[in-house]
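Note that the sequence shown ends on residue 546 in my numbering; no numbers are left out.
First the structure, in the form of structure tokens, and then the observations on it.
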Amino acid sequence: MQEPWWKTTVVYQVYPRSFQDSNGDGIGDLRGIIQRLDYLQTLGIGAIWLSPVYKSPNDDNGYDISDYQDIMDEFGTMSDMDELIGEAYKRNIRIVIDLVVNHTSDEHAWFIESRKGKDNPYRDYYIWRDPVDGEAPNDLRSIFSGSAWQYDEHSGQYYLHLFSKKQPDLNWENPKVHHEVWDMMNFWLEKGVGGFRMDVIDLIGKIPDEKVTGNGPKLHEYLQQMNKATFGRYDVMTVGETWGATPDIAKLYSDPKRQELSMVFQFEHISLDQQEGKDKWDLKPLSIPELKLVLSKWQTALGNEGWNSLFWNNHDLPRIVSRWGNDKEYRTQSAKMFAILLHMMKGTPYIYQGEEIGMTNCPITDINEVNDIESINMYHERLANGYSKEEIINSINAKGRDNARTPMQWDRSGQAGFSTATPWLHVNPNYPSINVADNLADPNSIFHCYRRLIELRKQNPIVVYGDYELVDDVPEQVFLYLRKHEDQVWAVAANIGAERMLVQLPAFGKSADVIVSNYSRAEVDFSNLELQPYEAFAVKLI
Ligand code: TEU
Ligand code: CA
């Protein structure tokens, strides 16, 4: 049976606001993405996950949608979108769009109607509740700080918003909401999109009165109905953003027999440097043994009942080379190390814009430099709770989402070639030494390492289908695993640290068949192998 295309391809995430400005207003746009399609074709990716481009007041940079079937003014027009889909397809690149249906903007026509009064036909498109003892219905909190309930003077009721006040949650217990969403999805499928990334899709089964938000009892029923009514009839991919997924829950989403989604983004590895039961801002050192266990668990737990996504970065996360690598003297080595470690695993890899050239976090010193509503709300809440400005700014520099949203660094020209105007968000001042142009020109660049990894996946079934096996008897900070397929065995090693590490596995023998390396290593002798700082390679054992 022909395997689905999304098992052998690599997906590239574009955050349109920061990718390429084509008309000199300092904001990225659709025509800018069209201009850069040849670059993405050179990289070798097969799909673009396009963060939202629909009409939005941009309270949450497009994740607050006021019209799902029209394009945000600053990003361009629907004909630009049609051209992007067509031009990408000519280059064997599918456009996977962002489906944000846990909530809309409060400026969406449905909510404008809904808030007009309790008897409005759109009232039950959203989640309205009476006050309890003059207060919010319960103590549900917004992920963007504060209560998840907003009081509405006009009707004397509260509405639910798990994100910003301008992002009211849709009421998925109302069948009319399902049909509205299905109609919108079919509108985009008929335009030829390659699938959907589904924003916080694990929340649409919520039961607010019982304070159940993720993994509600009807969630999978909703997804099976959605599959049947929309994308199930197309050769497209779907990936759910599911922060609370365990391997067993992931199987419910991605077991092909269940006809729900192709795969999900799980975040267990991403949460390893966060204190238990605390917020993302409350850090603890990453434990590499835990990272090895968690990633290995996901590599083996799904079996044939599901499919992994593989990622380090996205528009919500700090950049991996700054977070867990070394963005100073070992930036290139550690960026390539994370690339080799991830792209040799089983699943569909995702590259976030700029990751392929080792872009770094971009520290700020004052809250006035911050755009992201999540960071701004947290700043004010923690300031009110007695945290010092310094502590809060340190948290934002470590985990704030703007780190991922500074403009793409194309070349050494002003504003890194992103725009001829002052961009909506500051450009990282390190763009003269970290940019696409220099990466393209240097055969040993991070870009060419990613290009090689993408090529390896296309050419070698072992990378896509090989069984995974963690090798234990190595030093703590060395991640060593095997991939086995038919009569082949590949070994993948990564030293996740700046100290040299000695590996002694004589049983693995010697091999001169190095497939990819970030130190241009010519051969591997496992009986006495010294790994350099952040060294990584893949080698053929058999
Ligand atoms: O993110 C879901 C989400 O919860 C993240 O905001 C995450 O909790 C936090 O940012 C950790 O860094 C999705 C989108 O990816 C995000 O950009 C949106 O802000 C959010 O949903 C609301 O649509
Ligand atoms: Ca623009």
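Beta carbons are placed, not taken as given, at the ideal position from N, Cα and C, and that holds for glycine.
Treat the numbers as computed from the prediction; the structure is a model and nothing was measured.
How would you call V136, buried or exposed, if buried means at least 16 neighbouring beta carbons within 10 angstroms?
Looking up residue 136 in the sequence shown gives position 132. When all chains shown are included, V136 counts as exposed.
Within this structure, are the beta carbons of N365 and N401 separated by less than 9 Å?
As a working note, residue 365 is residue 361 in the sequence shown. As a working note, residue 401 is residue 397 in the sequence shown. In contact: N365 and N401 (Cβ atoms closer than 9 Å).
Can you give me the Cβ contacts of S60 inside the same chain, cut-off strictly under 7 Å, excluding the 5 residues immediately before and after it?
As a position in the sequence shown, residue 60 is number 56, starting the count at 1. Hits under 7 Å: G66, D68, I69, S70, M76, S109.
Whether or not the segment 238 to 251 and the segment 266 to 284 are in contact is what I'm after, with contact meaning three or more pairs of Cβ atoms, one per stretch, closer than 8 Å; do they touch?
yes
Just jot down, in chain order, the residues whose CB lies closer than 5 Å to any heavy atom of ligand 2.
D25, N27, D29, I31, D33
Use the C-beta contact count for N439: other C-beta atoms within 10 angstroms, 16 or more gives buried, fewer gives exposed.
Along the sequence shown, read from residue 1 onward, the residue named residue 439 stands at position 435. So N439 counts as buried.
Spatial distance of L387 from F23 (CA atoms):
For the purposes of this step, residue 387 is taken as residue 383 along the sequence shown, with counting starting at 1. For the purposes of this step, residue 23 is taken as residue 19 along the sequence shown, with counting starting at 1. Cα-Cα distance, rounded: 33 Å.
Taking the beta carbon of K94 as the centre, do at least 16 other beta carbons fall within 10 Å, making it buried, or is it exposed?
Here residue 94 is taken as the residue at index 90 of the sequence shown, counted from 1. Classification for K94: exposed.
I'd like to confirm something about R145: is its beta-carbon nearer than 8 Å to some heavy atom of ligand 1, or not?
One-based indexing of the sequence shown puts residue 145 at position 141. R145 Cβ: outside cutoff for every heavy atom of ligand 1.
Hey, N106 and I205: beta-carbon distance below 9 Å or not?
By one-based count along the sequence shown, residue 106 stands at place 102. By one-based count along the sequence shown, residue 205 stands at place 201. Contact flag set, yes.
Would you say the beta carbon of N65 comes nearer than 8 Å to a heavy atom of ligand 1?
Looking up residue 65 in the sequence shown gives position 61. For ligand 1, at least one heavy atom lies less than 8 Å from the Cβ of N65.
If we count the other Cβ atoms within 10 Å of its Cβ and call it buried at 16 or more, is K340 buried or exposed?
Reading the sequence shown from its first residue, position 336 is the one you call residue 340. Under this definition K340 is a buried residue.
Can you give me the Cβ contacts of F315 inside the same chain, cut-off strictly under 6 Å, excluding the 5 residues immediately before and after it?
Here residue 315 corresponds to residue number 311 of the sequence shown, with the count starting at 1. If we look at F315 and ignore the five residues flanking it on each side, its Cβ neighbours are Y354.
Run of the beta strand (DSSP E) containing D42, from where it starts to where it stops:
Here residue 42 corresponds to residue number 38 of the sequence shown, with the count starting at 1. Unbroken run through D42 is the alpha helix (DSSP H), 41 to 47; no beta strand (DSSP E).
Indicate whether the contact test is met: 3 or more Cβ pairs, each with one atom in the segment 25 to 43 and one in the segment 82 to 101, closer than 8 Å.
yes
Which class does E473 belong to by DSSP, given the choice of helix, strand or coil?
Residue mapping note: residue 473 aligns to position 469 of the sequence shown, counting from 1. E473 falls in the strand class under three-state DSSP.
S521: first and last residue of the uninterrupted beta strand (DSSP E) it sits in:
Numbered from its first residue, the sequence shown carries residue 521 at position 517. Its beta strand (DSSP E) spans residues 518 to 521.
Name the DSSP bridge partner or partners of H107?
If you number the sequence shown from 1, residue 107 lands on position 103. According to DSSP, H107 bridges with D173.
In three-state DSSP terms, what is E78?
Position 74 of the sequence shown, counted from the start, is the residue given in the question as residue 78. E78 falls in the helix class under three-state DSSP.
With distance defined between alpha-carbon atoms, name the residue in N317, M349, Q357, M363 nearest to Q337.
As a first step, residue 337 is located in the sequence shown; it is residue number 333 there, counting from the start. Closest option to Q337, Cα to Cα, is M363.
Are three or more beta carbon pairs between the segment 148 to 159 and the segment 188 to 201 nearer than 8 Å?
no
Less than 8 Å separating the Cβ of R405 from some heavy atom of ligand 1?
Residue numbering aside, residue 405 sits at position 401 when the sequence shown is read from its first letter. Because some heavy atom of ligand 1 lies under 8 Å away, the Cβ of R405 counts as near it: yes.
From D568 to N308, what does the alpha carbon distance come to, in whole angstroms?
Past the edges of the chain, shown from 5 to 546, lies residue 568, and the structure says nothing about it.
Shortest alpha-carbon distance to S524 belongs to which of N532, F512, F530, A542?
Residue 524 sits at position 520 when you count from the first residue of the sequence shown. The shortest Cα separation from S524 among N532, F512, F530, A542 belongs to A542.
Between which two residues does the alpha helix (DSSP H) carrying T1 extend?
Not covered by the structure: residue 1. The range shown for the chain is 5 to 546.
Locate the alpha helix (DSSP H) running through T336, then write down its first and last residues.
On the sequence shown, residue 336 is found 332 positions in, with the first residue counted as 1. 335 to 347 is the span of the alpha helix (DSSP H), which, as asked, contains T336.
Helix, strand or coil for M363 per DSSP?
Within the sequence shown, residue 363 is the residue found at index 359, counting from 1. Coil.
Helix or strand or just coil, what does DSSP make of A249?
Within the sequence shown, numbered from 1, the residue matching residue 249 stands at position 245. Here A249 sits in coil by DSSP.
Spatial neighbours of T501 within its chain, please: C-beta separation below 6 Å, excluding the five flanking residues on both sides.
Your numbering for residue 501 matches position 497 in the sequence shown. The residue you asked about is not Thr; residue 501 is Gly in the sequence shown. Taken in chain order, the residues that qualify are Q481.
Nearest-angstrom Cα separation, counted from K350 out to L457
Residue numbering aside, residue 457 sits at position 453 when the sequence shown is read from its first letter. Residue numbering aside, residue 350 sits at position 346 when the sequence shown is read from its first letter. In a straight line, the C-alpha of L457 is about 13 Å away from that of K350.
Host beta strand (DSSP E) of H224 (start-end)
Start at 1 with the first residue of the sequence shown, and residue 224 comes out as number 220. Counting along the chain, H224 falls outside any beta strand (DSSP E), though it belongs to the alpha helix (DSSP H) covering 223 to 233.
Inspect the beta-carbon positions of A51 and G198 and report whether they are closer than 9 Å.
Looking up residue 51 in the sequence shown gives position 47. Looking up residue 198 in the sequence shown gives position 194. Going by C-beta atoms, A51 is nearer than 9 Å to G198.
Selected residue, minimal CA-CA separation from D529, among S118, L545, R409, L103
As a position in the sequence shown, residue 529 is number 525, starting the count at 1. With distances taken between Cα atoms, D529 lies closest to L545.
What does a CB cutoff of less than 8 Å around Q508 pick up in its chain, not counting 5 residues either side in sequence?
In the sequence shown, the residue the question calls residue 508 occupies position 504. Correct list, in chain order: F530, S531, N532, L533.
Per DSSP, K312 is paired with what?
Start at 1 with the first residue of the sequence shown, and residue 312 comes out as number 308. First, the residue type needs correcting, since residue 312 is Asn and not Lys in the sequence shown. According to DSSP, N312 bridges with V268.
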